[in-house]
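All remarks here apply to the structure that follows.
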Amino acid sequence: MDGSLSSGSLVILALMVVAFVSVPLHVEARAFFVFGDSLVDNGNNDFLVTTARADSPPYGIDYPTHRPTGRFSNGLNIPDLISEHMGLESPLPYLNPLLKGDKLLNGANFASAGIGILNDTGVQFLNIIRIWEQLEYLEQYQVRLGDIIGADQARQVVNEGMVLISLGGNDFVNNYYLVPFSARSRQFALPDYVRYLVSEYRNILSKMYDVGARRVLVMGTGPMGCVPAELAQHSRAGECSVELQRASDLFNPQLNDMLKSLNDEKGDQVFVAANTMKMHMDYISNPQAYGFITSKVACCGQGPYNGLGLCTPMSNLCQNRDVYAFWDAFHPSERANRIIVQQMIDGTQNYMSPMNLSTILAIDSKF
Ligand SMILES: *[C@@H]1O[C@H](CO)[C@@H](O)[C@H](O)[C@H]1NC(C)=O
Ligand SMILES: *[C@@H]1O[C@H](CO)[C@@H](O)[C@H](O)[C@H]1NC(C)=O
2 MDGSLSSGSL
12 VILALMVVAF
22 VSVPLHVEAR
32 AFFVFGDSLV
42 DNGNNDFLVT
52 TARADSPPYG
62 IDYPTHRPTG
72 RFSNGLNIPD
82 LISEHMGLES
92 PLPYLNPLLK
102 GDKLLNGANF
112 ASAGIGILND
122 TGVQFLNIIR
132 IWEQLEYLEQ
142 YQVRLGDIIG
152 ADQARQVVNE
162 GMVLISLGGN
172 DFVNNYYLVP
182 FSARSRQFAL
192 PDYVRYLVSE
202 YRNILSKMYD
212 VGARRVLVMG
222 TGPMGCVPAE
232 LAQHSRAGEC
242 SVELQRASDL
252 FNPQLNDMLK
262 SLNDEKGDQV
272 FVAANTMKMH
282 MDYISNPQAY
292 GFITSKVACC
302 GQGPYNGLGL
312 CTPMSNLCQN
322 RDVYAFWDAF
332 HPSERANRII
342 VQQMIDGTQN
352 YMSPMNLSTI
362 LAIDSKF
């Protein structure tokens, strides 16, 4: 009697162990991995010696804690809103010491404000995590997670994860067009520079695939010529900078073609293009239709269009952040981010190609 009971409870114990070990992998939500620049950084730069940081008020004024977090937003940013839609906790910044143990299962945010496709983009910000280093961190992440749940399962978490990447804007604003006659602009005519960027981006995404990413949302550049920083420097009557708009118009279609060709090469729809140019232009060209009083003046800043210098405690600050499309001289407000992410979720193929996030989530849930 005693013997049979104890062997019975051993079996139960064994089943419980099996269940316990496999629970985090199958019941818990999908991991989310974020790469790129300030549009998606959620605090890595706060751990670095860099001038590219959003660590003082009024950044974060509308975040749940009402404090700065390193996000370049008054509140939530694009990856937060994607996490929210998928019912996930936002993954922590990779450099945050709290990212360990179980938290690793949520994924990680590797993004770093100021970086670009090219290694020399953003050098003026000193110590930032360039994209190749972000990819090395993904490999390191996999090893760290593997130490907890085993290498095969860690690989599976990455394979099944959702990935978001935002790159390209800084290669123009903080490199090619940073100063008149920049080294890159003397080296390349704009169309050649764009081709060079896209071919380097292809190498980056190929590497990301090799490391294990299998579902990657790729954001194009926004309307760089229309941000308050550009209006402040180049605009007389609020018109967008022609040269920077031309750069976006050259870059985004070539990015799309490159993603298609990568998908053909991999034989799968791994890379999904988010037409962020169009997502932004909708409300920039018709702000009132989206509930904004302006898409030219930043909520926080100084000078014309509040587009000069940084957003600091001394800057002008608007009362109602929800009626401004731009939070600071470069970055959308949380309200604008919500409009962008809504198009990612259920936009047509003009916004998301080959498919939107709803379709992706429906397909991926079948496995
Ligand atoms: C950028 O840096 C990475 C890692 O240091 C290197 O592998 C890559 O070749 C570099 N890219 C260019 C274009 O120099
Ligand atoms: C995008 O998502 C919605 C679901 O929200 C779906 O009905 C629609 O057909 C999708 N559009 C395209 C073009 O994939």
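Taking our numbering, I'd label the letters of the sequence shown as residues 2 to 368. Cβ atoms here follow ideal geometry from the backbone N, Cα and C, with glycine treated the same way. These figures come from a predicted structure and were not determined experimentally.
Under the three-state reduction of DSSP, tyrosine 291 is assigned to helix. Counting only runs of 4+ residues, the alpha helix (DSSP H) found wholly inside the segment 109 to 152 occupies 132 to 150, in chain order. Screening all residues for a C-beta within a distance smaller than 7 Å of any heavy atom in ligand 1 leaves Leu119, Asn120, Arg131, Trp133, Glu201, in chain order. Distance from methionine 280 to serine 249 at the Cβ level is roughly 12 Å; contact not present, criterion being Cβ atoms closer than 8 Å.
Taking glutamate 201 as the centre and dropping the five residues before and after it, the same chain places the C-beta of Ile118, Leu119 closer than 8 Å to its C-beta, in chain order. Relative to ligand 2, even the nearest heavy atom lies 6 Å or more away from the CB of glutamine 320. Inclusion of aspartate 347 in the 6 Å shell around ligand 2 follows from its C-beta lying nearer than that to a non-hydrogen atom of the ligand. DSSP, read as helix, strand or coil, puts asparagine 75 in coil. Tyrosine 95 and alanine 238 have their C-alpha atoms spaced approximately 42 Å apart.
In chain order, Lys267, Val271 place their CB closer than 7 Å to the CB of tyrosine 210, counting only its own chain and leaving out the 5 sequence neighbours on each side. Counting along the chain, no alpha helix (DSSP H) covers valine 324, and no H or E run does either. Spanning the alpha carbons of valine 342 and arginine 31 requires a straight line of approximately 18 Å. Judged by DSSP secondary structure, isoleucine 166 falls within the beta strand (DSSP E) whose first and last residues are 163 to 167. Cβ-Cβ distances below 7 Å link aspartate 56 to Asp47, Pro69, Gly71 in the same chain, with the five nearest sequence neighbours on each side left out; the list follows chain order.
Under the three-state reduction of DSSP, leucine 206 is assigned to helix. Bounds of any beta strand (DSSP E) do not take in leucine 260; it lies within the alpha helix (DSSP H) bounded by 243 to 267. Within the same chain, and ignoring the five residues on either side of glycine 221 in sequence, the residues whose Cβ sits closer than 8 Å to its Cβ are Gly169, Ser249, Phe252, Asn253, Leu256, Asn257, Ala274, Ala275, Asn276, Thr277, Met278. Of Thr295, Phe182, Ser354, Asn171, the smallest CA-CA separation from leucine 40 is found for Asn171. Between tyrosine 64 and serine 74, the alpha-carbon positions lie close to 9 Å from each other.
With a threshold of 6 Å, the Cβ atom of asparagine 45 does not count as near ligand 2, since no heavy atom of the ligand is closer than that. The DSSP-derived three-state label of glutamine 270 is coil. The residues Tyr306, Asn307, in chain order, have a CB closer than 6 Å to that of valine 298 in the same chain once the five nearest residues on each side in sequence are set aside. Under the three-state reduction of DSSP, glycine 102 is assigned to helix.
Pairing phenylalanine 34 with valine 158 gives a Cβ-Cβ distance that is not under 7 Å. In the three-state DSSP reduction, methionine 353 falls in the strand class (E or B). Between isoleucine 346 and leucine 358, the gap from beta carbon to beta carbon is short of 7 Å. Assigned with DSSP and collapsed to three states, threonine 360 falls in helix. Residue environment: proline 59 is assigned as buried (16 or more neighbouring CB atoms within 10 Å of its CB, all protein chains considered). Boundaries of the alpha helix (DSSP H) around leucine 232: 229 to 235.
Around the beta-carbon of isoleucine 130, 16 or more other beta-carbon atoms lie within 10 Å, marking it buried. Ligand 2 approaches glutamine 350 closely enough that one of its heavy atoms is under 6 Å from the residue's Cβ.
Around the C-beta of phenylalanine 182, fewer than 16 other C-beta atoms lie within 10 Å, and the residue is accordingly described as exposed. With a 10 Å radius around the Cβ and a threshold of 16 neighbouring Cβ atoms, threonine 122 comes out buried.
In the three-state DSSP reduction, alanine 275 falls in the strand class (E or B).
Restricting attention to Met315, Ala230, Leu218, His235, the CA atom closest to the CA of lysine 261 is found in Leu218. According to the DSSP assignment, valine 217 belongs to no alpha helix (DSSP H) but to the beta strand (DSSP E) extending over 217 to 220.
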